[in-house]
Structure formats: structure tokens, C-alpha cells
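Counting in my numbering, the sequence shown runs from 1 upward without gaps. Glycine included, each C-beta is placed from N, C-alpha and C at the ideal position. All values derive from a computational prediction rather than experimental measurement.
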Amino acid sequence: MTHPLAFPLHRAATLARVSERRLRAWAKAKFYLPHYDSGLYSFRDVVALRTLGILRDRGISLQSLKKAGAWLTERYEDPWASLRFGTAGKEFVYYDEQGKPVSVRKVGQCVIEEIPVEKVERAVADEAEQLYTRRRVDEIGQTLKKRTVQSNARCIAGTRITTSAIYGFHKHGYTVEQILRQYPILSEEDVRAAIKAEARNVA
């Protein structure tokens with residue numbers, strides 16, 4: 001790993017995919033404070049924040065998360081970054097040590113959509129590494145394959161982001177601007193190059 005152990009607010013927001021405004025509000029409400037007294041966020045903080053952001057985006061209320069956070073913190077260390085969560089409608093569950101879904105409040109017999117923490121952590125780690133890896137100017141808008149990168153899958157030059165991942169968003173109707181929100185380290189040229197490269201493969 002080449003990413004730093006602490007992140008300023010704007011970097012934490014980028015990696016957590018949560019707005020800086022939301023992070024400031026959460027800190028002000030003492031819902032989620034940075035790990036370090038200097039205001040820097042730890043890697044575990046960013047994993048937790050991305051999980052919380054997913055839960056909020058799925059419609060879980062901040063009030064519910066606050067109550068659950070107090071309850072979980074009494075029972076687990078660093079719960080938002082260590083537990084697997086899932087949502088069922090407007091409620092959510094966490095998974096205990098045996099992998100059994102447990103609800104802070106009753107969720108009934110709804111279908112549970114999981115948020116596996118290991119995938120969240122891996123995604124944050126990969127994106128942090130990409131974010132802090134300097135790219136050469138001549139790599140912008142280029143794609144390539146390397147045997148040592150993503151099992152020789154075609155990637156955006158200077159990153160580990162596969163062109164197939166970009167094309168997947170494109171196929172689902174995402175605009176270039178929307179794709180860039182998912183991958184803030186990329187440029188418009190990178191996205192268009194990825195779409196062009198994949199379009200040749202499926203033609």
C-alpha cells in the first residue's frame with residue numbers, strides 16, 4: 001500500500017464518496033469525528049464513512065444511524081469499519097460473528113441487500129493507492145495492459161481502474177460527468193478512451 005495513514009477532510013470526502021459538507025456536519029453533531037485531534041481521518045475512518053454514506057444513500061435516516069451507532073459502539077470496537085451491514089427497506093441490519101443478520105430494530109421478513117465491509121475496505125484501499133500515485137502527463141487519456149496489473153486486464157494508464165469498469169457505467173446510461181464522480185482521479189479524456197477501447201472489443 002502506498003497511501004498515507006491519515007487523510008485531510010477533502011481527501012477523506014473523495015475516498016468515502018461523501019461530501020465535505022456532510023463530513024463537517026457529522027463532526028459538528030459529534031456523530032462521526034476524525035480519529036486524530038488534528039482533524040485528519042484515519043484509513044479506518046474512511047472505510048466507516050463510506051459505509052455510512054452507502055447507508056444514508058439507501059434511505060437510512062441519520063437519527064437511526066446515531067442511535068444504532070451508540071448501541072453498536074457499546075458492543076463492538078470500530079463497528080462502522082469492522083461489521084458487515086445490510087439494508088431492508090428503510091431499516092438496516094448488521095451481521096454477527098456467525099454471519100447471522102441482527103437488527104437493532106425489527107425489519108420483518110424483507111429481502112436484505114448486503115454491504116460487505118471487506119469489499120468496501122478493498123475499494124477504499126485501491127482508490128487511495130490510485131489517488132496518491134502520480135500519473136505522468138503522457139498517461140492521461142491512454143489505456144494499456146500489464147501482466148502485473150489487474151491480471152492483464154486493460155486499464156486506464158497509470159491506474160488500476162479497468163476500462164471494462166468504466167464501460168459498465170457507460171452501458172448503464174451514466175454520462176461522462178457521472179462516471180467522473182465515481183472515479184474522481186480520472187479525466188474526461190480517460191473516460192472517453194476507456195469507452196472507445198471497450199467499444200472496439202464488443203463491436
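{"query": "Please state whether DSSP places residue 86 in a helix, a strand or coil.", "result": "strand"}
{"query": "On the criterion of 16 or more Cβ atoms from any shown chain inside 10 Å, does residue 158 qualify as buried, or is it exposed?", "result": "buried"}
{"query": "For residue 39, which of 24, 113, 90 has the nearest alpha-carbon?", "result": "24"}
{"query": "Given a cut-off of 8 Å, decide if residue 136 and residue 149 are closer than it, judged by their beta-carbon atoms.", "result": "no"}
{"query": "Could you name the residues that DSSP lists as bridge partners for residue 6?", "result": "42"}
{"query": "Taking the alpha helix (DSSP H) that residue 195 belongs to, which residues open and close that run?", "result": "188–202"}
{"query": "Taking the beta carbon of residue 73 as the centre, do at least 16 other beta carbons fall within 10 Å, making it buried, or is it exposed?", "result": "exposed"}
{"query": "Looking only at its chain, what residues have a beta carbon closer than 6 Å to the beta carbon of residue 96, apart from the 5 residues adjacent to it on each side?", "result": "102"}
{"query": "Do you know offhand how far residue 205's Cα is from residue 85's?", "result": "Not covered by the structure: residue 205. The range shown for the chain is 1 to 203."}
{"query": "Whose C-alpha, out of 129, 156, 152, 146, is nearest the C-alpha of residue 140?", "result": "156"}
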